[in-house]
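Under the working numbering, the first residue of the sequence shown is numbered 274, with each subsequent residue one higher.
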Amino acid sequence: MARTVDPQRVAERRAAILTAAASLFASNGFEGTTIAAVARKAGMSPGNVFHYFPDKAALFRGLFEQSIVEFAELVEQHAHRPDPVPALLDLIEAQVGEALDPVAPGLMVEVLRRVGHDDELTRLVTAEEELAFTTYRALLERADAAGDIDSGFDLDATARWLIAIVDAAFLHADPDNSADPRPLVRLTITRLLTARTEFNDQHR
Numbered sequence: 274m275a276r277t278v279d280p281q282r283v284a285e286r287r288a289a290i291l292t293a294a295a296s297l298f299a300s301n302g303f304e305g306t307t308i309a310a311v312a313r314k315a316g317m318s319p320g321n322v323f324h325y326f327p328d329k330a331a332l333f334r335g336l337f338e339q340s341i342v343e344f345a346e347l348v349e350q351h352a353h354r355p356d357p358v359p360a361l362l363d364l365i366e367a368q369v370g371e372a373l374d375p376v377a378p379g380l381m382v383e384v385l386r387r388v389g390h391d392d393e394l395t396r397l398v399t400a401e402e403e404l405a406f407t408t409y410r411a412l413l414e415r416a417d418a419a420g421d422i423d424s425g426f427d428l429d430a431t432a433r434w435l436i437a438i439v440d441a442a443f444l445h446a447d448p449d450n451s452a453d454p455r456p457l458v459r460l461t462i463t464r465l466l467t468a469r470t471e472f473n474d475q476h477r
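Next up, the structure:
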């Protein structure tokens, strides 16, 4: 008789592996991390890790497969709100808050190193960035139509700049510094979107 699979146990084991892997990849890098080390940290055998992830590259990608699912859920919470500017600010604030995770800076560095060597990882990273772009762009368009933001901005370019701001929060995050970047990021974007500048008047 086939053994019954407990979905909750499967999810818990997979989550434990990914948590251990995130910590080790962030501190030791992709090359410096082994499946054996991940297994030890997760409290299981290497065979159990291989049961869920066929190799180290798949394990690393698993972190970003999880990330895009979580981001899609976050987008769903904010994308259709009736207040596009607060929705956009809340969405970006939630994203930037993830940079406070001590493993975030190290993982960002490693994904930048790996993205040119793993086509599937590149696809995942690109998909998440495009989801961010289309979501930001749609919220900006609604805000522009309502007259809630400075109409002098190119919406495509502005959406790309917002992505760059979020990326910068991760790239400049310091695990040894607990300063929260969210208030400054929110203030910066608010002023960016609502300022009526001479530059924009000249480029309308």
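A virtual CB, placed ideally from N, CA and C, is assigned to each residue, including glycine.
- Here the alpha carbon of P454 sits roughly 35 Å from the alpha carbon of Q281.
- Spanning the alpha carbons of P359 and L394 requires a straight line of approximately 32 Å.
- Inclusion of V382 and V398 in the CB contact set at 8 Å is not warranted, their separation being larger than that value.
- Here DSSP, grouped into helix, strand and coil, assigns M381 to helix.
- A contact is defined here as three or more CB-CB pairs under 8 Å, and the segment 433-446 meets this definition with respect to the segment 398-408.
- Looking at the backbone, the Cα of A452 and that of I462 are separated by about 18 Å.
- For P448, the CB contacts under 7 Å within the same chain, skipping 5 residues up- and downstream, are P375 and P378 in chain order.
- D328 and R287 have their C-alpha atoms spaced approximately 14 Å apart.
- Selection A284, V283, F337 and Y325 evaluated against A295 yields F337 as nearest (Cα-Cα).
- The segment 303-383 contains, as complete alpha helix (DSSP H) runs of 4+ residues, the segments 308-315, 319-325, 329-351 and 357-370 (chain order).
- Only residues of its own chain outside the window of five on either side were considered, and among them L297 and N301 have a CB closer than 8 Å to the CB of A310, listed in chain order.
- For R334, the CB contacts under 8 Å within the same chain, skipping 5 residues up- and downstream, are D391, E393, L394 and L397 in chain order.
- No Cβ-Cβ contact shorter than 8 Å links I341 with F323.
- A direct Cα-to-Cα measurement between F326 and A419 gives close to 47 Å.
- Taking the Cβ atoms as the reference, P357 lies roughly 46 Å from A312, outside the contact range of under 8 Å.
- At a Cβ-Cβ threshold of 8 Å, H351 and D363 count as neighbours.
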